[in-house]
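**Student:**
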């Protein structure tokens with residue numbers, strides 16, 4: 001049976017400059033709150049996948065679209081939510097429905113991004129790619145893909161979206 005080398009064992013196989021980059025990258029993932037920073041860093045270094053960019057996109061989507069629905073005050077501007085609460089609905093349940101709706105919208109969005117094109121489009125219609133850039137917004141040439149695969153892993157609550165549905169299997173990418 002094959003087993004992956006430990007983080008330390010893997011680091012020991014790397015040239016000093018790459019090892020330093022891997023350690024620095026793992027530290028950055030830790031600062032950003034990644035649940036398994038060493039695995040994210042190992043994948044970026046070992047597979048040349050722009051994992052830091054992927055993580056940051058997904059983290060921003062959670063922060064901007066899903067996580068605001070944790071606080072009941074976010075319902076104050078939603079008239080339908082207020083009517084439900086006034087009619088006797090549990091505010092926590094209304095909040096969870098809103099949060100699940102936001103999660104489902106993000107799942108749909110990352111699936112569309114990952115697909116790279118409209119499946120119903122004509123052959124001559126354009127598609128799209130999400131690309132990593134450096135700190136000055138210059139393209140690095142690395143495509144950010146497979147976002148649906150890691151959406152659950154970036155749940156700041158550590159639930160992997162389980163309380164919200166967590167079904168990214170419908171993505172065809």
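Numbering (full-length UniProt numbering), first residue to last: 1 to 173.
All residues carry an ideal CB built from backbone N, CA and C; glycine is no exception.
Roughly how many whole angstroms lie between the Cα atoms of residue 37 and residue 136?
**Tutor:** As a first step, residue 37 is located in the chain shown; it is residue number 37 there, counting from the start. As a first step, residue 136 is located in the chain shown; it is residue number 136 there, counting from the start. Each residue's alpha carbon lies about 24 Å from the other.
**Student:** Secondary structure at residue 131, three-state DSSP: helix, strand or coil?
**Tutor:** Against the chain shown, residue 131 aligns to sequence position 131. Residue 131: strand per DSSP, three-state reduction.
**Student:** Residue ranges of each beta strand (DSSP E) run of no fewer than 3 residues wholly in the stretch 70–149, ordered along the chain?
**Tutor:** The qualifying runs are 131–133, 139–143.
**Student:** Quick check on residue 128: buried or exposed, where buried means 16 or more other Cβ atoms within 10 Å of its Cβ?
**Tutor:** Counted from its first residue, the chain shown places residue 128 at position 128. Under this definition residue 128 is an exposed residue.
**Student:** Would residue 144 pass as a contact of residue 57 if the rule is Cβ separation under 8 Å?
**Tutor:** Locating residue 144 in the chain shown gives position 144, where the first residue counts as 1. Locating residue 57 in the chain shown gives position 57, where the first residue counts as 1. Yes, the Cβ-Cβ distance between residue 144 and residue 57 is below 8 Å.
**Student:** Tell whether a beta-carbon distance below 8 Å holds between residue 165 and residue 100.
**Tutor:** Start at 1 with the first residue of the chain shown, and residue 165 comes out as number 165. Start at 1 with the first residue of the chain shown, and residue 100 comes out as number 100. Result yes, Cβ atoms of residue 165 and residue 100 sit closer than 8 Å.
**Student:** Going by the beta-carbon positions, is the gap between residue 18 and residue 45 smaller than 8 Å?
**Tutor:** Here the question's residue 18 lines up with position 18 in the chain shown. Here the question's residue 45 lines up with position 45 in the chain shown. Taking 8 Å as the Cβ cut-off, residue 18 and residue 45 qualify as a contacting pair.
**Student:** What's the call for residue 117, buried or exposed, on a 16-neighbour Cβ count within 10 Å?
**Tutor:** Start at 1 with the first residue of the chain shown, and residue 117 comes out as number 117. Exposed, by the Cβ-count rule.
**Student:** Can you name the start and end residues of the alpha helix (DSSP H) that residue 17 belongs to?
**Tutor:** Along the chain shown, one-based indexing puts residue 17 at 17. 16–32 is the extent of the alpha helix (DSSP H) around residue 17.
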